[in-house]
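Before any comments, here is the structure.
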Amino acid sequence: MHKLLKEIKNCTICKDHLPLGPRPVVSADINSKIVIVGQAPGTKVHTSGIPWDDASGKQLRSWLQVSEEQFYNPKNFAIIPMGFCYPGKGKSGDLPPRPECAPQWHNLLLEQMPNVKLILLIGMYAQNYYLKDKAHKTLTETVHDFHTYLPRYLPIPHPSPRNRFWLTKNPWFEVEVLPVLRHQIKNILH
Numbered sequence: 001m002h003k004l005l006k007e008i009k010n011c012t013i014c015k016d017h018l019p020l021g022p023r024p025v026v027s028a029d030i031n032s033k034i035v036i037v038g039q040a041p042g043t044k045v046h047t048s049g050i051p052w053d054d055a056s057g058k059q060l061r062s063w064l065q066v067s068e069e070q071f072y073n074p075k076n077f078a079i080i081p082m083g084f085c086y087p088g089k090g091k092s093g094d095l096p097p098r099p100e101c102a103p104q105w106h107n108l109l110l111e112q113m114p115n116v117k118l119i120l121l122i123g124m125y126a127q128n129y130y131l132k133d134k135a136h137k138t139l140t141e142t143v144h145d146f147h148t149y150l151p152r153y154l155p156i157p158h159p160s161p162r163n164r165f166w167l168t169k170n171p172w173f174e175v176e177v178l179p180v181l182r183h184q185i186k187n188i189l190h
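In the numbering used here, the protein residues as written are 1 to 190.
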């Protein structure tokens, strides 16, 4: 695992497409119990090198009801985004994650984590990649149908402050999904 993480941190396969250059952000351990598959680091995370070191991360930890100490312990959570580097700015936020990362690295990482009990799929890119034809046409439908994907996967929306409108429009998420998510996390970590 140590060798693989070093390879990923030195990865430059898509360097020509990265406006701030490569700085892969990943965290994993052979004993990781839960895998968080997000989108890609934003500029703040690119600068700090710490995954989920922003408002989205604060919201995610709140949803999971875990401390920073629990969250950043790779024996608890492996953090493997769809794109390991900041992809650049788009019209309405960051560009999509680079398509090279997940096929290049995800299976290699997962093969070295035999104790994984749950994979959180955050956002549509992760959901479409992992659920393939079992993902619904929209993120809302996929998240609403979360029971279908348990016990291996649990799809959730991105915890970005930009998603406040989605959360307001879909109050069932906090009522139906968050309690199950928190129960799963608590059972796995304790």
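Ideal Cβ positions, reconstructed from N, Cα and C, are used throughout, including at glycine. Computed from a prediction, not measured in an experiment: that's the story for all the values here.
Three-state class that DSSP yields for residue 48 in the structure shown | Within the sequence shown, numbered from 1, the residue matching residue 48 stands at position 48. Residue 48 falls in the helix class under three-state DSSP.
Delimiting residues of the alpha helix (DSSP H) encompassing residue 146 | Mapped onto the sequence shown, residue 146 falls at position 146. First-last for residue 146: undefined, no H or E at that position.
Compare the C-alpha of residue 77 against each of 86, 23, 16 and 109 and name the closest.
-> Counting from 1 along the sequence shown, the entry for residue 77 is found at position 77. Looking at the Cα atoms, 109 is the closest of the given residues.
Cα-Cα, which of 35, 178, 13 and 12 is closest to residue 157?
-> Sequence index remark: in the sequence shown, residue 157 carries index 157 (1-based). Residue 178 is the option with its Cα nearest to residue 157.
Out of 18, 20 and 53, state which residue places its alpha-carbon closest to the alpha-carbon of residue 230.
-> Not covered by the structure: residue 230. The range shown for the chain is 1 to 190.
Starting from the Cα of residue 151, find the closest Cα among 117, 175 and 167 and give me that residue.
-> Along the sequence shown, read from residue 1 onward, the residue named residue 151 stands at position 151. Among 117, 175 and 167, the Cα nearest to that of residue 151 belongs to 117.
Between the CA atoms of residue 100 and residue 120 - distance to the nearest angstrom | Here residue 120 corresponds to residue number 120 of the sequence shown, with the count starting at 1. Here residue 100 corresponds to residue number 100 of the sequence shown, with the count starting at 1. Rounded to the nearest angstrom, the two C-alpha atoms are 20 Å apart.
Nearest CA to the CA of residue 30: which residue from 113, 107, 4 and 19?
-> Within the sequence shown, the letter at position 30 stands for residue 30. Comparing Cα positions, the closest option is 113.
Complete runs of the alpha helix (DSSP H) confined to the stretch 49-104 [at least 4 residues] = 55-64 and 68-71
Just how far apart, CA to CA, sit residue 14 and residue 68?
-> Residue 14 sits at position 14 when you count from the first residue of the sequence shown. Residue 68 sits at position 68 when you count from the first residue of the sequence shown. Taking the straight line joining both Cα atoms gives about 31 Å.
Using DSSP with H/G/I as helix, E/B as strand and the rest coil, what is residue 155?
-> The residue given as residue 155 occupies position 155 in the sequence shown. DSSP places residue 155 in strand when its eight states are reduced to three.
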